[in-house]
Amino acid sequence: MISTTADAICFEPAGLIPFPLAWSWQQQLQQRLLADPSGPDALLLLEHQPCYTLGRGADEAFLGFDPADPPAPLFRIDRGGEVTHHCPGQLVLYPVLNLQRHGADLHWYLRELEGVVIDLLAELGLRGERIEGLTGVWLEGRKLAAIGVGARRWISQHGLALNVEADLAGFAQVVPCGIADRPVGRLLDWRPELTAAALRPRLLQCFSERFGLQLRPPTPQETLQGW
Amino acid sequence: MPALSSTMTEGKIVEWLKKPGDKVERGESVLVVESDKADMDVESFNEGYLAAVLMPAGGTAPVGETIGLIVETQAEIADVQAKAPSGGAPAAAPAPVAAPAAAAPAALAAPAPAPAPVVAAPVAVAAAPAPVSNGRVVASPRAKKLASQHGVALETLRGSGPHGRIQAEDVERALGLTVAVPRVAEGAGPAAVAAAGNGDAAPAPAPAGDAFGRPGESVSFNTLQNAVNRNMLASLEVPCFRVGYTITTTKLDAFYKQVKSKGVTMTALLAKAVGVVLARHPQVNAATSPDGAAMAYPAAVNVAVAVAMEDGGLITPVLANADKTDIYSLARNWADLVSRARSKQLQPDEYSTGTFTLSNLGMFGVDRFDAILPPGTGAILAVAASRPTVVAGKDGSMRVANQMQVNLTCDHRVIYGAHAAAFLKDLAQLIETNPESLAI
Chain A
488 MISTTADAIC FEPAGLIPFP LAWSWQQQLQ QRLLADPSGP DALLLLEHQP CYTLGRGADE
548 AFLGFDPADP PAPLFRIDRG GEVTHHCPGQ LVLYPVLNLQ RHGADLHWYL RELEGVVIDL
608 LAELGLRGER IEGLTGVWLE GRKLAAIGVG ARRWISQHGL ALNVEADLAG FAQVVPCGIA
668 DRPVGRLLDW RPELTAAALR PRLLQCFSER FGLQLRPPTP QETLQGW
Chain B
-16 MPALSSTMTE GKIVEWLKKP GDKVERGESV LVVESDKADM DVESFNEGYL AAVLMPAGGT
44 APVGETIGLI VETQAEIADV QAKAPSGGAP AAAPAPVAAP AAAAPAALAA PAPAPAPVVA
104 APVAVAAAPA PVSNGRVVAS PRAKKLASQH GVALETLRGS GPHGRIQAED VERALGLTVA
164 VPRVAEGAGP AAVAAAGNGD AAPAPAPAGD AFGRPGESVS FNTLQNAVNR NMLASLEVPC
224 FRVGYTITTT KLDAFYKQVK SKGVTMTALL AKAVGVVLAR HPQVNAATSP DGAAMAYPAA
284 VNVAVAVAME DGGLITPVLA NADKTDIYSL ARNWADLVSR ARSKQLQPDE YSTGTFTLSN
344 LGMFGVDRFD AILPPGTGAI LAVAASRPTV VAGKDGSMRV ANQMQVNLTC DHRVIYGAHA
404 AAFLKDLAQL IETNPESLAI
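Listed in order, the protein sequences are those of chains A and B. Using our numbering, the first residue of the first sequence is number 488, and each one after it goes up by one. Using our numbering, the first residue of the second sequence is number -16, and each one after it goes up by one.
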């Protein structure tokens, strides 16, 4: 009987978070786990102000604008994958986990992140799909959730972005994830009554179950700088 | 190119964080590798200098390919750069520097699929010539043999053994063939072997049994080993006792032969037998409650079976409702659980919900052993090998029958000697007289 009472600190900042702030929070959490790999995993759930991010190896050819003059702030960040767009109405989940405790397998981790969204969609009576070679979660040919992660010594950063009630116009100015022939979608178009706020606890629940982590709020010692 | 996933076959180099000539600290990130939508910083396991980049940023290399070379001293950088062709595999690089080949100084049992990802440390250390004090070269017999096979001058090597004795590993290192493959993990267990090229090197002497470290080393417990350790220590708080029984398995063995072709395994049969008997002996399926105040009777009979993991530690995948599930489904479920356990893809409820545990070392020919009680359960059954034995009957007759010893470890707070004995007697009776009923 292996003990599985692991817990994870869940941070849920209110409002719209500028990308650099959320990134610095992830880096703080990653540093803590690098310093103490046996410390608790952590999770950020938030919505971003409009922005674009590029993976470390991303191709600027997928931008529909001049990188020197972007329509919203543009960041090149330490994750895998091509360009993506964040905006209000999109739930962003950033797990900072010691992946040594979760299989130490990056592909498997990506599949599990997809699984979290697929579980959530199933609860809503929708059948989300994986498409081999196109990481993310797809619903009837549209990409609902984008996924990109980065790791140092198996401590993860970045994660998944699920379009709930987002205005998809910002995606039109890029080729999201470098995939030109497949459109981006949002949950609102299948379940008009849904709001991002209402979906938050259900997304956390799906994450908690799939990763076997008990989510809890941070203790006073665990608060983040810039919070 | 490190393997960041069991399903990764190749990786893309996103960025070299170090330039040739740069100093590299142990544990410092040297490059970033991307596979699918995941990036990973890859660290050096040795201190030294990045001498050559063999696969530039933007390039893709198969897992295990040498993508760069790290040397010990600055002096060796120019040497390596002169000999290592850039932009491709250094297959033709002359010895003694940086010719990749398969071999490792110490090997874990099987180089094959290591369950945890491994990183081929892109490190080929060229040994610096060091003068030997009295002019006499001291080398191990194996080192001498290897050196003569590969045309290495022993005088040019610096020995890492006692008093500078040259070891086989030193020769291999000089040949550039020892890419011992530490795992990305901090405090990870064994170094596994990665075949990096044409294996014309003599295989390293592998120990007969599994070991996680080399002689003289001390190796940190990995996460799973630590978890198992905690659980074992917790069981010291439990007042345990043990009861043994010898079970004749001639009929069970015959029945197994009949159903083997239908995919039924001995593990499935034993789990089913134990499950059926546990359903009739709920006291042996019970456990002390976590607060120690009550006897907890589980709603189901879930038989966990201990499986050793290749990289250390063990896990106990659970055959849920073993009493009510048919042996064919049990066998299928078991195969699925084991394969997913090996790839670390079990969900917590698949290894933490056992109500009774089986530990079987019969396949090694072990004739008896006892097991440590997993916390949260009341009993564990240690099953030894079934062997032909001369058996005396009550009437003085003699015959040869297959017999195995089983040994039940129990939490005495819940299970008393009489409970254990009655359970074992019933289990023996089922296995000895009516194993066919397991198929129903």
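Just so you know, even glycine gets a beta-carbon here, dropped at the ideal spot from N, CA and C. All figures in this text were calculated on a predicted structure; none of them were measured in a lab.
**Study point:** A/R703: contacting residues in chain B (beta-carbon distance under 7 angstroms)
**Key:** Simply none; closest approach about 17 angstroms.
Check your understanding: Is there at least one non-hydrogen atom of the ligand PLP closer than 7 angstroms to the beta-carbon of B/G31?
Key -> Ligands displayed in this structure: none; no statement on the ligand PLP is therefore possible.
Check your understanding: Taking Cβ positions, are A/G568 and A/G542 nearer each other than 8 angstroms?
Key -> yes
Check your understanding: For B/D332, which of B/E138, B/L320, B/S18 has the nearest alpha-carbon?
Key -> B/L320
Point to revise | Three CB pairs or more closer than 8 angstroms across the region 574 to 581 of chain A and the region 643 to 650 of chain A | key: yes
Review point. Is there a Cβ from chain A that is less than 8 angstroms from the Cβ of B/V(-3)?
Key: yes
Check your understanding: Does DSSP classify B/Y280 as helix, strand or coil?
Key -> coil
Point to revise | Neighbourhood of B/T(-10) by C-beta distance below 6 angstroms, restricted to the same chain and skipping five residues each side | key: none
Practice item. Determine the chain B residues that contact A/W512 at a beta-carbon separation under 7 angstroms, and present them in chain order. Key: Within 7 angstroms Cβ-Cβ: nothing; A/W512 doesn't reach chain B, min ~19 angstroms.
Check your understanding: How many whole angstroms separate the CB atoms of B/V366 and B/M387, which I take to be in contact at a CB cut-off of 8 angstroms?
Key -> 7 angstroms
Exercise for review: My understanding is that A/D494 touches A/L700, with C-beta atoms under 8 angstroms, so please give their C-beta distance in whole angstroms.
Suggested key: 7 angstroms
Review point. Beta-carbon of B/S18 versus every beta-carbon of chain A: anything under 8 angstroms?
Key: yes
Check your understanding: Anyone know if the C-beta pair for B/A303 and B/L410 falls short of 8 angstroms?
Key -> no
Check your understanding: From the DSSP output, which residues share a beta bridge with A/A633?
Key -> A/A648
Exercise for review: Output the distance between the C-alpha atoms of B/D353 and B/F347, rounded to the nearest integer angstrom.
Suggested key: 15 angstroms
Practice item. Grab me the residues of B/E26's own chain with a C-beta within less than 7 angstroms of its C-beta, minus the 5 sequence neighbours each way, in chain order. Key: G10, E11, S12, V13
Practice item. Would you identify the three-state DSSP class for B/C223, choosing helix, strand or coil? Key: strand
Exercise for review: Check the Cβ-Cβ distances between A/H594 and every residue of chain B, and say whether any is below 8 angstroms.
Suggested key: yes
Check your understanding: By DSSP, does B/M23 sit in helix, in strand, or in coil?
Key -> strand
Review point. How many angstroms separate the CA atom of A/L621 from the CA atom of A/A591?
Key: 21 angstroms
Point to revise | Within-8 angstroms CB hit, B/A314 to chain A | key: no
Exercise for review: Counting only the same chain and skipping the five closest in sequence on each side, list residues whose C-beta sits under 7 angstroms from that of B/P105.
Suggested key: Caution applies to B/P105, whose pLDDT of 39 falls short of 50 and renders its modelled position unreliable; the model cannot decide the point.
Point to revise | Limits of the alpha helix (DSSP H) - the one that B/K234 falls within | key: 233 to 243
Practice item. Give a yes or no on whether the minimum CB-CB distance between B/Q456 and chain A is below 8 angstroms. Key: The requested residue 456 of chain B is not part of the displayed model; chain B covers only -16 to 423.
**Study point:** Nearest-angstrom beta carbon gap, B/Y334 and B/V301 [assumed within contact, 8 angstroms]
**Key:** 6 angstroms
Exercise for review: Throw me the rounded Cβ distance for the B/K20 and A/I634 pair, which I believe falls under 8 angstroms.
Suggested key: 5 angstroms
Review point. Looking at the structure shown, is A/S695 part of a helix, part of a strand, or coil, going by DSSP?
Key: helix
Review point. Are B/T340 and B/T308 touching if we call contact CB-CB under 8 angstroms?
Key: no
Point to revise | Three-way DSSP call (helix, strand, coil) for B/S12 in this model | key: strand
Exercise for review: Give the DSSP bridge partners of A/I564, in chain order.
Suggested key: None; A/I564 has no bridge partner.
Check your understanding: Taking 8 angstroms as the CB-CB cut-off, is A/G612 touching chain B?
Key -> no
Practice item. Could you name the residues that DSSP lists as bridge partners for B/A35? Key: B/L52
Check your understanding: In this structure, what does DSSP give as the bridge partners for A/C538?
Key -> A/H573
Review point. Name the DSSP bridge partner or partners of B/N268?
Key: B/N268 is not bridged to any residue.
Check your understanding: With a CB to CB cut of under 8 angstroms and the five nearest residues on each side skipped, what residues in its chain are close to B/A111?
Key -> Annotation note: pLDDT 34 at B/A111 (below 50); position unreliable, no value reported.
Practice item. For chain A, find out if any of its Cβ atoms is closer than 8 angstroms to the Cβ of B/S369; answer yes or no. Key: no
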